[in-house]
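Peer 1: Below is a structure I'd like to ask you about.
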Amino acid sequence: PFHRGLRSYARNLQFPGYGPRGGREWDGNKVLYGLIGLNVAGYVAWGVHPRFMNQQAVVSADAVGHGRVWTMLTSAFSHRDTSHILVNMVTLYFFGRNVANAFGGRQVNGAERALARLYLLGALVGSAAHCAWYWHESQSARSPTTRRLLSSRGGMGASAAVNSVVLFAVCVWPWEVVYLYGLLPVPALLLGAAYLAWDLRGVLDGTASNVGHVAHLGGALTGAGLYWKLRRRGFGRWR
Numbered sequence: 001p002f003h004r005g006l007r008s009y010a011r012n013l014q015f016p017g018y019g020p021r022g023g024r025e026w027d028g029n030k031v032l033y034g035l036i037g038l039n040v041a042g043y044v045a046w047g048v049h050p051r052f053m054n055q056q057a058v059v060s061a062d063a064v065g066h067g068r069v070w071t072m073l074t075s076a077f078s079h080r081d082t083s084h085i086l087v088n089m090v091t092l093y094f095f096g097r098n099v100a101n102a103f104g105g106r107q108v109n110g111a112e113r114a115l116a117r118l119y120l121l122g123a124l125v126g127s128a129a130h131c132a133w134y135w136h137e138s139q140s141a142r143s144p145t146t147r148r149l150l151s152s153r154g155g156m157g158a159s160a161a162v163n164s165v166v167l168f169a170v171c172v173w174p175w176e177v178v179y180l181y182g183l184l185p186v187p188a189l190l191l192g193a194a195y196l197a198w199d200l201r202g203v204l205d206g207t208a209s210n211v212g213h214v215a216h217l218g219g220a221l222t223g224a225g226l227y228w229k230l231r232r233r234g235f236g237r238w239r
C-alpha cells in the first residue's frame, strides 16, 4: 500500500493537458489491462501467423529503412517466447498498477494517458536506440555479410516499454519495497540500479546475445527522463 505522503506526492504530478481541464477521467487500470491484453494478442498471433508477425512486429534498422516504421511500436506488443511475455507482463502489472493507482481517480486526471505515454514513449525510444545501435555497428563492419546481419538484427518484446514504466516508478517511489521473485524484499531504487547495471554491462561486453540491452536502456532512460522533466518543472504541467 502507498504511504499517505506518497499519495500526496503523486497527486502533485500532472501530465500534459491532464489537469482539471484535461478531459474525462478514465480508470488507469483499464489501460494497464489493455496493454497486457494487446501483448497477449501479439503472443497468440505469433502462433497463428508467424510470417506476418515477423514482417510487421519485429523492428530492425533494415525494416525501418524500408519504410516499416510502425514496427518501432508494434514490436513492443510482440513476444514469441512464453517466459519473455510472462516476465514482462508481471513486471508491467506490479509497477504499472502503482502508476495507474497513483495518477487515477478523481484526484488526478489522466492516469490512463500517463501510463500509456510512459509505455509508448519507452517503446519508441527503445526501438530507435536498437536501430541506431545496430546501424552504427553495421557501418563499422568490414564484411558485407556481417553488415547485413547487423542491420537486419531484429528486436521485439515489451521490455523497453516496461523499463520506462519501471524507472519512472522507481524515481517517484525509490524506497518502496519490491519483493523480488515474491520473496526477497528489495528497495525499488536498488532494483532499478540493478536493471541499469545489467543492461549497461550487456552493452559494454559486446557479446552476442538475444537480449536487446540497448533498447532496454533506451526505455529505462525514457522513464527516468520524463520523471526528471516533471521534477524540474516543479511537478507542474508537462508541456
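Read in the working numbering, the sequence shown has 44 at position 44, and its numbers run on one by one without any break.
The beta-carbon is built from N, C-alpha and C at its ideal position, and this holds for glycine as well.
What residues are listed by DSSP as bridge partners for H187?
Peer 2: According to the sequence as given, residue 187 is Pro; it is not His. Paired residues: V177.
Peer 1: Looking at C-alpha atoms only, which residue of Y227, L190, G218 and L183 is the closest neighbour of C171?
Peer 2: Looking at the Cα atoms, Y227 is the closest of the given residues.
Peer 1: Go through its chain and collect everything with a Cβ distance to V125's Cβ below 8 angstroms, but skip five positions before and after it.
Peer 2: Only A160, S164, G218, G219, L221 and T222 meet the Cβ criterion.
Peer 1: Pop quiz: W175 and A188 are said to be a contact at Cβ under 8 angstroms. What is the actual Cβ separation, rounded to whole angstroms?
Peer 2: Contact flag correct, Cβ pair sits at about 7 angstroms.
Peer 1: Roughly how many angstroms separate the alpha carbons of A41 and R80, rounded to a whole number?
Peer 2: Taking the straight line joining both Cα atoms gives about 11 angstroms.
Peer 1: Between the alpha carbons of V87 and G154, how many angstroms are there, rounded?
Peer 2: Roughly 20 angstroms between the two C-alpha positions.
Peer 1: Should the region 49-58 be regarded as contacting the region 131-139, the criterion being three or more beta carbon pairs within less than 8 angstroms?
Peer 2: Because the criterion of three Cβ pairs below 8 angstroms is not met, the region 49-58 and the region 131-139 do not touch.
Peer 1: Along the alpha helix (DSSP H) that carries H66, what are the first and last residues, could you check?
Peer 2: Here H66 belongs to no alpha helix (DSSP H), and DSSP marks it neither H nor E.
Peer 1: Do S152 and D62 count as a contact pair if the criterion is CB distance below 8 angstroms?
Peer 2: It is a contact, given that the beta carbons lie within the stated cut-off.
Peer 1: Taking T74 as the reference, give the member of N101, F95, W46 and V90 with the closest Cα.
Peer 2: Taking only the C-alpha atoms, the option nearest T74 is W46.
Peer 1: Quick check: the Cα distance between Y33 and T146, rounded to an integer number of angstroms?
Peer 2: Using only the alpha carbons, I get a separation of about 41 angstroms.
Peer 1: Between the C-alpha atoms of T71 and L35, what's the straight-line distance to the nearest angstrom?
Peer 2: Roughly 17 angstroms separates the two Cα atoms.
Peer 1: Just curious, the alpha helix (DSSP H) that G155 is in, first and last residue?
Peer 2: Unbroken run through G155: none, as it is neither H nor E.
Peer 1: With distances taken Cα to Cα, identify the nearest neighbour of H213 among R142, H130, S138 and A158.
Peer 2: Ranking R142, H130, S138 and A158 by Cα distance to H213 puts H130 first.
Peer 1: Alpha helix (DSSP H) containing N39: first to last residue?
Peer 2: Looking at the DSSP string, the run of the alpha helix (DSSP H) that includes N39 is G28 to V48.
Peer 1: Reducing DSSP to helix, strand and coil, say where N12 ends up.
Peer 2: Annotation note: pLDDT 39 at N12 (below 50); position unreliable, no value reported.
Peer 1: Using 8 angstroms for Cβ pairs, my map puts L92 next to V162. What's the rounded Cβ distance?
Peer 2: With a Cβ gap of about 5 angstroms, L92 and V162 count as contacting.
Peer 1: Use the C-beta contact count for D199: other C-beta atoms within 10 angstroms, 16 or more gives buried, fewer gives exposed.
Peer 2: Buried, because 16 or more other Cβ atoms sit within 10 Å of the Cβ of D199.
Peer 1: Can you tell me where the alpha helix (DSSP H) holding G223 begins and where it ends?
Peer 2: H213 to R232 is the extent of the alpha helix (DSSP H) around G223.
Peer 1: With 16 other CB atoms within 10 Å as the buried threshold, where does H66 fall?
Peer 2: With fewer than 16 Cβ atoms within 10 Å of its Cβ, H66 is classed as exposed.
Peer 1: Buried or exposed: V122, going by 16 or more other Cβ atoms within 10 Å of its Cβ?
Peer 2: Per the sequence presented here, residue 122 reads as Gly, with Val not at that position. G122 should be labelled buried.
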